[in-house]
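Encoded as structure tokens, the structure appears first; notes follow it.
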Amino acid sequence: MNKLKIGIIGLGTVGTGVVKTLKNVDSVEIVKIAVKNINKPRGVELSQGILTDNPYDIINNPDIDVVVELIGGVEPAWEYISASIKNGKHIVTANKELLAKKGEELFNLAEEHNRVCLYEAAIAGGIPIIMPIKTILAGNKINKIQAILNGTTNYILTKMDANGASYEDVLKEAQELGYAETDPTGDVEGYDAAYKITTLATIAFKQRIKIENVYREGISKVRKEDMKEASELGYKIKLIANASIDDNGNADVRVHPMLVSQKTMLAHIDYVTNAVAMSGHPIGNIVLSGPGAGEFPTASSVVGDILAIQAEFGKTDYMLPMMRCHHSAKANPVNIDDTFNKYYISITAPNAIGVIAKIGTICANKNISLASIMQKEVLENNTANITVITEKCQERLIKEVVNELDNCTVNSLIRVAEG
Ligand code: HSE
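If you read the sequence shown in our numbering, its first letter stands for residue 685, the second for the next number, and so on.
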């Protein structure tokens, strides 16, 4: 048997999981692994001389068939990947940021050189989602995705809900336990999920989505009081990556916190688990869930991609046709202000006659109907907390409502998922 020869760039958590997993796979040989520091102790046994601190020992090595890029970020990953493709290597990557920002260039370059670039691990870690969309779901017209694509934020929101704790306290604990990074911005402000939904929506809709058109809000403003009020109203708050497309190619793609009904599956996806709910024809509704990160779940996807290449390597001149990039059409972006949503609004108002009537009138004047309004009591400081859930209305109008509630404090405005 001719072994597929691979080089791995990056030996962090995912790289280590890949090396450990490939120890049980006879058909793949790791020729070289590029790391920053070859003297650093590693959590896996490595053969003598396999490590290098020069990625070009892999990129320029004529014996290597596939380059596995596991360093993340745009540069120098793009430099290494593009040089590898030009040198005739196939690519396996887990790099969601690179795909979101340079996907079009990357896939055009790969096609030009008749090489494949597989990236199952980049979206939702261990959940098989890219290959299913490209192969067995290929006959579908998928028009809606709602997903939990970031484990760190889902862990924080789940803990806030379970313990009645504040965002700041849970983040600190998550950092101590290693669930959140020292600089958590990429996760908590929704960048990571935005990168993932950009690529996921692009392949599901078969239309290019640009990262600059993806609206993004993180979870750092979600208050413990919002979690409690949402729970009492039959919802959970989750960071949801949403994407929908209409028949004219207008795509609404965004990441932000949402109230999701406790009757839906997404409300019960807890801690670091990820999930992707999709609707399309003829499949109907499906939900895939599982581990979105971690050494072995992510290694599962990386190794699956390596083996997909191995299965066809040397047997065809045009490998893995269904896994290639087929979409040149570009979706028309929908501005967030033009979208229609239901809203949760938490208001602190002075205890005065007519306050609730005024909230109702401001909404009524904009043709916004209220689904529920709740005030439990008057507080000692003569204010009251009022929670409103609206029916579906345009984002632009709800922002006007917030501006017009001038004698009240709007504590939170969070979109509510349908269903
Ligand atoms: N940082 C990501 C998360 C995992 O928290 O889910 C890697 O994509």
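Ideal placement from N, C-alpha and C gives every residue a C-beta, glycine not left out.
{"Check": "G964, enclosing beta strand (DSSP E) - first and last residue", "Outcome": "T957 to H965"}
{"Check": "Burial state of Y1028, where buried means 16 or more other Cβ atoms lie within 10 Å", "Outcome": "buried"}
{"Check": "With 16 other Cβ atoms within 10 Å as the buried cut-off, status of A1041", "Outcome": "exposed"}
{"Check": "Host beta strand (DSSP E) of M1058 (start-end)", "Outcome": "L1054 to Q1059"}
{"Check": "Contact test: N779 Cβ vs ligand 1 heavy atom, cutoff 7 Å", "Outcome": "no"}
{"Check": "A806 vs L833 beta-carbon contact at 8 Å", "Outcome": "no"}
{"Check": "Distance cut-off 7 Å: D954 Cβ against heavy atoms of ligand 1", "Outcome": "no"}
{"Check": "Own chain partners of T882 with C-beta closer than 6 Å, once the 5 adjacent residues on each side are dropped", "Outcome": "A784, I893, I895 and V898"}
{"Check": "For A977, the three-state DSSP class (helix, strand or coil)", "Outcome": "coil"}
{"Check": "Span of the beta strand (DSSP E), counted from its first residue to its last, around I1098", "Outcome": "T1093 to V1100"}
{"Check": "CB of D747 within 8 Å of CB of V715, strictly", "Outcome": "yes"}
{"Check": "Contained alpha helix (DSSP H) runs [length at least 4] in the region 730-805, N- to C-terminal order", "Outcome": "740-743, 761-770 and 780-796"}
{"Check": "Helix, strand or coil at P812 [DSSP, three-state]", "Outcome": "coil"}
{"Check": "At least three beta-carbon pairs within less than 8 Å, the region 870-878 to the region 954-968", "Outcome": "no"}
{"Check": "Span of the alpha helix (DSSP H) around V872", "Outcome": "T869 to V872"}
{"Check": "Opposing strand residues paired with C1077 [DSSP bridges]", "Outcome": "N1025"}
{"Check": "Under 8 Å between C-beta atoms of T1023 and D931", "Outcome": "no"}
{"Check": "Cβ-Cβ distance between S915 and D853 below 8 Å", "Outcome": "no"}
{"Check": "Secondary structure of Q946, DSSP reduced to three states", "Outcome": "coil"}
{"Check": "Distance cut-off 7 Å: T869 Cβ against heavy atoms of ligand 1", "Outcome": "no"}
{"Check": "Distance CB(D989)-CB(E804) smaller than 8 Å", "Outcome": "yes"}
{"Check": "A878 beta carbon near ligand 1 (any heavy atom closer than 7 Å)", "Outcome": "no"}
{"Check": "Top-ranked residue by Cα proximity to V1072, from N744, V986, I1043 and N771", "Outcome": "I1043"}
{"Check": "Straight-line Cα distance separating H774 from M1006", "Outcome": "15 Å"}
{"Check": "Simplified DSSP state of H952, which is helix, strand or coil", "Outcome": "helix"}
{"Check": "C-alpha distance - S1012 paired with G1038, whole-angstrom precision", "Outcome": "56 Å"}
{"Check": "Per-residue burial, Y919 [other beta carbons within 10 Å of its own, 16 or more giving buried]", "Outcome": "buried"}
{"Check": "Distance cut-off 7 Å: N824 Cβ against heavy atoms of ligand 1", "Outcome": "no"}
{"Check": "Any non-hydrogen atom of ligand 1 closer than 7 Å to T697 Cβ", "Outcome": "no"}
{"Check": "Candidates T777, A864, I1070 and L1054: closest to C1077 by CA position", "Outcome": "L1054"}
{"Check": "Outcome for L1063 when other beta-carbon atoms lying within 10 angstroms are tallied against a minimum of 16", "Outcome": "exposed"}
{"Check": "Contact belief for V758 with K786 at Cβ below 8 Å, rounded distance in angstroms", "Outcome": "7 Å"}
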